[in-house]
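> Its first residue numbered 95, the sequence shown is counted upward by one per residue in the numbering used here.
Note that beta-carbon positions come from the ideal geometry of N, C-alpha and C, so glycine has one too.
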Amino acid sequence: MKYDYDPIPLDYPAAPDSGEMLARAHAYVDLISRRRSVRHFSEKSVPREVIEACLQAAGSAPSGANHQPWHFACVSDPDIKRKIRIAAEEEERAFYGGRAGDQWLDDLHGLGTDAQKPFIETAPWLIAIFAERYGFDDSGEKQKN
């Protein structure tokens, strides 16, 4: 196949034998099956280097045309976390106050969620993820991501 660019060769070890593939697949299923949506957060300190490594992994997620249309903001400053909590709780009060609709609120009822978000201040880090709906090409023209 002819390319208009020079593809970067993938330097990756050869595929393992079928037994090893199966073992890896089962290990991955086991790991993924333990994933949960957590609504309780530890106040235990997390080193910045750990946050950076997690973001490095998250930032490598596949994206269309490799645009990677996202931006992460990590917050550990207590004053900023407080401001975020105030804004988030204002939005949540509107949500729980009727914006969500009865069906959605019924679905959430058994989870024990409400507009109060104290964990925003007590969690050691907040990671806000921003979608970048558009970017700019080399000539400065706006382009959709």
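State the CB to CB distance for the pair Phe135 and Leu149, rounded to an integer number of angstroms; the pair is presumed to be in contact (CB under 8 Å).
Here the question's residue 135 lines up with position 41 in the sequence shown. Here the question's residue 149 lines up with position 55 in the sequence shown. Between Leu149 and Phe135 the Cβ distance is about 18 Å, and since that is not below 8 Å, they are no contact.
> Between the Cα of Glu183 and those of Ala121, Pro103, Pro212, spot the shortest distance and give me the residue it belongs to.
Reading the sequence shown from its first residue, position 89 is the one you call residue 183. Ranking Ala121, Pro103, Pro212 by Cα distance to Glu183 puts Pro212 first.
> On a Cα-Cα basis, can you pick out the residue from Gln237, Asp208, Gly195 that is closest to Gly229?
Here the question's residue 229 lines up with position 135 in the sequence shown. The option with the nearest alpha carbon to Gly229 is Gln237.
> Would Lys175 be called buried (16 or more neighbouring beta carbons within 10 Å of its own) or exposed?
The sequence position of residue 175 within the sequence shown is 81, counting from 1. For Lys175, the number of other beta carbons within 10 angstroms of its own is at least 16, and it is reported as buried.
> Ile145 and Trp219 look like a contact to me (Cβ under 8 Å); what is the Cβ gap, rounded to whole Å?
For the purposes of this step, residue 145 is taken as residue 51 along the sequence shown, with counting starting at 1. For the purposes of this step, residue 219 is taken as residue 125 along the sequence shown, with counting starting at 1. Going by Cβ atoms, the distance from Ile145 to Trp219 rounds to 6 Å, so yes, they are a contact pair.
> What's the gap between the Cα of Asp208 and the Cα of Ala155?
Translated into positions along the sequence shown, residue 208 becomes position 114. Translated into positions along the sequence shown, residue 155 becomes position 61. Near 31 Å, if we compare the C-alpha coordinates of Ala155 and Asp208.
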